[in-house]
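One structure is given here, and the rest of the page talks about it.
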Amino acid sequence: MINEVRMKIKFLIIPFLLLSQASAQQEVQTLRLEDCIARAMGKNPSLQISEAKVEAAEARSAEAATALLPQLKFSGRAAELSRIDPFGLTLGPPINLSMVLFPSITENYAVRLSLQQPLFTGFKLQKNHEIAELNAHAVREEWTKDQSDLVLNVVSAYWNFYRAIKVEEVIRQSVEQMTEHLKDANNMLAQGLSTDADVMKVQVLLSDVKVKQLEARNGMRLASMALNSLIRNSLETRILPSDTPSLPKMTEGALFRKPLATLQLRALEHRPEMKSMQLRRDMKSAGVTAAQGGWYPQIFLSANYDYARPNQRIIPPKDRWDGTWDVGVNVQWNIWDWYATGHQTAQAEAALRQSEAGVAQLSDAVALDVAQQYFTAQTAMDKVDVAASGMDQAQESFRMTSEKYKNGISSNTDLLDAESALLQAKLTQTQAVVDFLLASARLKKAVGENP
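Sequential numbering of the sequence shown, starting at 181, is according to this note's numbering.
Here it is as structure tokens:
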């Protein structure tokens, strides 16, 4: 009995062990930034929503165009009528004529083919089509903006993940370094060259760095999940960025080296949200003309072909199929509508003024955004230079202090200070490089380029 239970337990445990082993052996996906962008662009739900909006707007534009074309319609009718007495005419002598003028035909059938072509509608149809076309272009520009936003999000997530990895790496090296320092301090304590207080100082600093290491590992995990989410991976997928920052490549032809006014003008011309707002302003302008169309007559050309049994245009009616046609021009003019058209025009003009003010407001916001990103990128570049210099100084200071400490010239406190300064310098340099990458990407987006 006991052996059977053991066997069952083994069969239950083995699959879990195999799954755990497979998970542990999961390959790490090495990703380039351009690969991440391509995957995000192909699978992002927000972008798919924007694409559907573009398709809908283009369909509305095509629909509006059909109103300018001839409309051909078919209709039919079949009816069974109640029997009535036929109407006839009877003439006495000397003519002696009796005839039925309107026989009782109880079965009625009719089909009609109608053609209608608008000739003049006060420019309403033309402007409605123009509005639909402008709206389609505006929605497409908004789709472009959504693409740019997504690219910036992927770029930010990619380099934030890179930063998290580097921060964890720097702190891990610092933990290893301070662990060696603690060993040295214990050895010196055993030789009577150090005190318990010196050892405790190292232990306290090591504990503090280990706390930072835990935070760094968690930050790396969260940054990985953020990037996985954008590229539609499972959140727990193991990934690793393969791109590394190249300062010469990043600064070559950098936008922050160009005149600010030039970048602001470029942004006003190329920012998709700016184009969209201008297109919507043009829509409002066309809407004014469309509203004014109510003042004019509406003229249509119409043609009909009737094939009926009996055909009502043939007298006397005959119980047979006959075809007739008619062609004409229809005119409809709203002479008095209690100034409804005037009120509609006033609404359209007010909407146009709002849109024009919106364009001006957005122009100011774009100019400010470009200026902010411009100076942020410049400052970020300066920080990279300063951080690199500080890194060199911290490394040299640590090297000298470490040698002095081993020779008994420098104190334990001096070495701890040098280790802390080196750790901070490494973190500052990593932060500065990534901040510059992100600032450059945001500046590109601000002027209407892909980040």
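By construction, the Cβ of each residue, glycine as well, lies at the ideal position given by its N, Cα and C atoms.
- When C-alpha distances from L617 are compared across F341, W323, A236, the shortest belongs to F341.
- About 11 Å separates the beta carbons of Y338 and L420, which is beyond the 8 Å limit, so they are not a contact pair.
- Contact between N510 and S482 holds: CB atoms are separated by about 6 Å, below the 8 Å threshold.
- In terms of CA proximity to Q575, K606 leads the group K606, V291, T559.
- Boundaries for N367: no beta strand (DSSP E) harbours it, while the alpha helix (DSSP H) harbouring it runs 304-370, taken from the DSSP string.
- A check of alpha carbon separations from S278 across I285, P266, E287 identifies P266 as the nearest.
- Remark: C-beta atoms of V564 and V613 approach each other more closely than 8 Å.
- The shortest CA-to-CA distance from R460 to any of K304, L299, K498, E313 is the one to E313.
- Excluding the 5 residues flanking it on each side, A396 has same chain C-beta neighbours closer than 6 Å at V347, E348, I351, in chain order.
- Look at P273 here: in three-state DSSP terms it is coil, with no helix or strand label.
- Counting C-beta atoms within 10 angstroms of its own C-beta, K304 has 16 or more neighbours from the protein chains shown and is therefore classed as buried.
- For Q209, the uninterrupted beta strand (DSSP E) segment begins and ends at 209-211.
- Within the same chain, T504 come within 6 Å of R493 by CB-CB distance, once the 5 residues on both sides are set aside.
- Buried is the label assigned to M457, since at least 16 other Cβ atoms lie within 10 Å of its Cβ.
- Remark: fewer than three beta-carbon pairs, one from each stretch, lie closer than 8 Å, so the stretch 384-396 and the stretch 364-375 are not flagged as touching.
- Following the DSSP letters along the chain, one finds F480 inside the beta strand (DSSP E) bounded by residues 478-489.
- Contact between L330 and N413 fails: their C-beta atoms lie close to 15 Å from each other, not under 8 Å.
- Taking a contact as a CB-CB distance under 8 Å, the pair H361 and E583 does not count as one, their CB atoms being some 13 Å apart.
- The residue from G570, L603, A245 with its alpha-carbon nearest to that of N308 is A245.
- Distances from the CA of Q552 to each of A619, R533, P631 were compared; the closest alpha carbon is that of A619.
- Its chain contains K625 as the residues whose beta carbon lies nearer than 6 Å to that of S328, once the 5 sequence neighbours on both sides are disregarded; these appear in chain order.
- Here Q512 is bridged, per DSSP, to Q478.
- Around the CB of H450, fewer than 16 other CB atoms lie within 10 Å, so the residue is classed as exposed.
- The alpha-carbon of Y519 is positioned some 21 Å away from that of S465.
- For the pair T210 and S426, the Cα-to-Cα distance works out to about 18 Å.
- Around the beta carbon of L623, a 10 Å sphere encloses 16 or more other beta carbons of the protein chains shown; the residue is thus reported as buried.
- Shown here, L261 sits in coil according to DSSP, grouped into three states, outside any helix or strand.
- In the structure shown, D499 falls within a coil segment according to DSSP collapsed to helix, strand and coil.
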